[in-house]
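S.K.:
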Amino acid sequence: MLYWFHVAGTFLMRFIPVDIAYRLVGGATPLVLQVFARGHLRRATDNMRQVLGPQADPREAARVTRAAFANYARYMVDLVRLPHLKSRELIDNIRVDGWEHVEAAYRYRKGVVFATGHIGNWDMAGAAFAARGRPVSALVETLEPARWNERVQRTRTAAGVKAIPIENGPREM
């Protein structure tokens, strides 16, 4: 099913402005979770209650969990629109504070390693760096099902990001 959501989303992003797509997935996420991923939602909410602490209101844990899933859905919008973005759009629309430091590091010709948290969309960041003419490799999780993984990795590769499966990381880096 994830594969088909990806295929449909990639097609639809040719016609739907990104702000409307964000609103659509934000509104549809609760329904999709209830229909297709009730078990995931329940486990994620239980985990969120652990994170928020024993005094956490269960309704607040559920609200924060749904918001996290909606945020991930917006991330997926960006992933499926990536094939439609030109390098110039990536450069113009993704602000990189301190790019001069990145350029200075590249002048040493030893490569540059970035460590990121799960903050923002790293696929877009990697594509923006590649659009600026820099080689980008990223350790990536192998997704399930396999054909969805193949499609996601092709999208990343087409955007200039060499996807290295995390299980192969040390050998390929």
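Its first residue numbered 1409, the sequence shown is counted upward by one per residue in this note's numbering. Note that beta-carbon positions come from the ideal geometry of N, C-alpha and C, so glycine has one too.
#1: Residue 1436 to residue 1507, Cα distance in whole Å?
#2: Can you tell me the Cα-Cα spacing of residue 1441 and residue 1448, whole angstroms?
#3: Quick one: Cα of residue 1503 to Cα of residue 1415, how far?
#4: Sort out for me which residues DSSP pairs residue 1572 with in a bridge.
#5: What separation, rounded to the nearest whole angstrom, lies between the Cα atoms of residue 1483 and residue 1575?
#6: Whose C-alpha, out of 1409, 1561, 1427, is nearest the C-alpha of residue 1443?
#7: When we look at the beta-carbon of residue 1539 and count the other beta-carbons within 10 Å, is it buried (16 or more) or exposed?
#8: Terminal residues of the continuous alpha helix (DSSP H) containing residue 1479?
#9: CB-CB under 7 angstroms to residue 1510, same chain, minus the five flanking residues each way: which ones, in chain order?
#10: Taking the alpha-carbon positions, what's the residue 1438 to residue 1571 distance?
#11: Roughly how many whole angstroms lie between the Cα atoms of residue 1411 and residue 1494?
#12: Can you tell me the Cα-Cα spacing of residue 1541 and residue 1565, whole angstroms?
#13: If you draw a straight line from the alpha carbon of residue 1577 to that of residue 1547, how long is it in whole angstroms?
#14: Pick out whichever of 1419, 1517, 1446 has its Cα sitting closest to the Cα of residue 1474.
M.R.: Taking the geometry as given:
#1: Indexing the sequence shown from 1 puts residue 1436 at position 28. Indexing the sequence shown from 1 puts residue 1507 at position 99. Taking the straight line from one Cα to the other gives about 37 angstroms.
#2: Stepping through the sequence shown from its first residue, residue 1441 is reached at position 33. Stepping through the sequence shown from its first residue, residue 1448 is reached at position 40. As the crow flies, the alpha-carbon of residue 1441 is around 8 angstroms from that of residue 1448.
#3: Here residue 1503 corresponds to residue number 95 of the sequence shown, with the count starting at 1. Here residue 1415 corresponds to residue number 7 of the sequence shown, with the count starting at 1. Rounded to whole angstroms, residue 1503 to residue 1415 spans 28 angstroms at the Cα level.
#4: Within the sequence shown, numbered from 1, the residue matching residue 1572 stands at position 164. Under DSSP, the beta-bridge partners assigned to residue 1572 are 1547.
#5: On the sequence shown, residue 1483 is found 75 positions in, with the first residue counted as 1. On the sequence shown, residue 1575 is found 167 positions in, with the first residue counted as 1. Those two C-alpha atoms are separated by around 23 angstroms.
#6: The sequence position of residue 1443 within the sequence shown is 35, counting from 1. The residue with the shortest Cα to Cα distance from residue 1443 is 1409.
#7: The count along the sequence shown starts at 1 and reaches residue 1539 at position 131. Flag for residue 1539 reads buried.
#8: Here residue 1479 corresponds to residue number 71 of the sequence shown, with the count starting at 1. That run of the alpha helix (DSSP H) goes 1466 to 1489.
#9: Position 102 of the sequence shown, counted from the first residue, corresponds to residue 1510. Correct list, in chain order: 1520.
#10: The count along the sequence shown starts at 1 and reaches residue 1438 at position 30. The count along the sequence shown starts at 1 and reaches residue 1571 at position 163. Rounded to whole angstroms, residue 1438 to residue 1571 spans 31 angstroms at the Cα level.
#11: Here residue 1411 refers to the residue found at position 3 of the sequence shown. Here residue 1494 refers to the residue found at position 86 of the sequence shown. Going from the Cα of residue 1411 to the Cα of residue 1494 covers about 24 angstroms.
#12: Reading the sequence shown from its first residue, position 133 is the one you call residue 1541. Reading the sequence shown from its first residue, position 157 is the one you call residue 1565. Roughly 14 angstroms separates the two Cα atoms.
#13: In the sequence shown, residue 1577 corresponds to position 169, counting from 1. In the sequence shown, residue 1547 corresponds to position 139, counting from 1. Roughly 6 angstroms between the two C-alpha positions.
#14: To locate residue 1474, count along the sequence shown from 1; it is residue 66. Of the residues 1419, 1517, 1446, the one whose Cα lies closest to the Cα of residue 1474 is 1446.
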